[in-house]
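Here is the structure we will look at.
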Amino acid sequence: MFDYNDPNTAVAIRERTKNGLTLAFDTISTESNAKYYDCTLSPKKGDYSSLLPINIELENDRDRATMAYTAFGDNFKFKPNEIPARPHDRAFCVVILRTWWRLEKSWYTLLGSVMVA
2 MFDYNDPNTA VAIRERTKNG LTLAFDTIST ESNAKYYDCT LSPKKGDYSS LLPINIELEN
62 DRDRATMAYT AFGDNFKFKP NEIPARPHDR AFCVVILRTW WRLEKSWYTL LGSVMVA
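In terms of the working numbering, the sequence shown opens at residue 2 and continues consecutively.
Structure below.
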């Protein structure tokens, strides 16, 4: 667990992951969050995606905004525009969900029979 209020957290995440963190999905989508994620992702390769467009240059990462609808891998209509399916967004979503599921299962195992009220 990391305390996101600690200014050294990004460095700690890089150390813990041995500069291997390559995916980030930002649901808050602020400029400060984008900069934070840029510091946590691997300097070799990183994919940063946010729910809203962020207008800053990231040093280490390929960045893009993702409308949550694109995660389903289907075409959809947004106001007058027809948005085509984006297989890359679908694949990114699958990786994130599988990773989250593994983490969630490990947290559950770690907690064992602890009851949460």
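The beta-carbon is built from N, C-alpha and C at its ideal position, and this holds for glycine as well.
Please read these numbers as outputs of a predicted model, since none were measured by experiment.
Q. What are the residues that DSSP puts in a beta bridge with residue 3?
A. For the purposes of this step, residue 3 is taken as the residue at position 2 of the sequence shown. The partner list for residue 3 (beta bridge, DSSP) is empty, contrary to what the question assumes.
Q | Beta-bridge partners of residue 51, as assigned by DSSP | A | Sequence index remark: in the sequence shown, residue 51 carries index 50 (1-based). In the DSSP output, where bridge partners are listed per residue, residue 51 has 27 and 66.
Q: Classify residue 69 as buried or exposed, calling it buried when 16 or more other Cβ atoms lie within 10 Å of its own Cβ.
A: Within the sequence shown, the letter at position 68 stands for residue 69. Its Cβ having fewer than 16 others within 10 Å, residue 69 is exposed.
Q. Among 74, 92 and 95, which residue has its Cα nearest to the Cα of residue 85?
A. Locating residue 85 in the sequence shown gives position 84, where the first residue counts as 1. It is 74 whose Cα lies nearest to the Cα of residue 85.
Q | Selected residue, minimal CA-CA separation from residue 72, among 5, 89 and 21 | A | Start at 1 with the first residue of the sequence shown, and residue 72 comes out as number 71. The option with the nearest alpha carbon to residue 72 is 89.
Q | Cα-Cα separation, residue 83 to residue 53 | A | The residue labelled residue 83 in the question sits at position 82 within the sequence shown. The residue labelled residue 53 in the question sits at position 52 within the sequence shown. Using only the alpha carbons, I get a separation of about 19 Å.
Q) Quick one: what's residue 77 bridged to in DSSP? A) Here residue 77 corresponds to residue number 76 of the sequence shown, with the count starting at 1. Residue 77 pairs with 84.
Q. Between the C-alpha atoms of residue 46 and residue 23, what's the straight-line distance to the nearest angstrom?
A. Against the sequence shown, residue 46 aligns to sequence position 45. Against the sequence shown, residue 23 aligns to sequence position 22. Looking at the two C-alpha atoms, the distance is approximately 6 Å.
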